[in-house]
Amino acid sequence: MTDNSSFHEMGRVMCTPILSVTETYLCKSIYPFYLVTYPFSARISKWVDQFSKWVDQFSKWVDQFSKWVDQFSKWVDQNNKNIP
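This note's numbering runs 2 ahead of the 1-based position in the sequence shown.
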């Protein structure tokens, strides 16, 4: 019997990843082990979703940085006014 710790449930069968690039899993159910290959497009959509989340996070960081730069420039202007 195979160690079930590396398996996770996918529908009604238990599967473990073999090749993550092609989304190939070794699955077992009542029947003997068999291979399941998921479309590569599903993997691409996961990458696109992750990339869009990263872009959103990066744009938030850029917005925060620009606010900090504006605040710093105001502070510099204020201090320049105080210099005789």
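Cβ atoms here follow ideal geometry from the backbone N, Cα and C, with glycine treated the same way.
Within the model, the alpha-carbon separation for V71 versus N84 is close to 20 Å.
Rounded to whole angstroms, W77 and S68 show a C-alpha spacing of 14 Å.
Between K48 and D58, the alpha-carbon positions lie close to 15 Å from each other.
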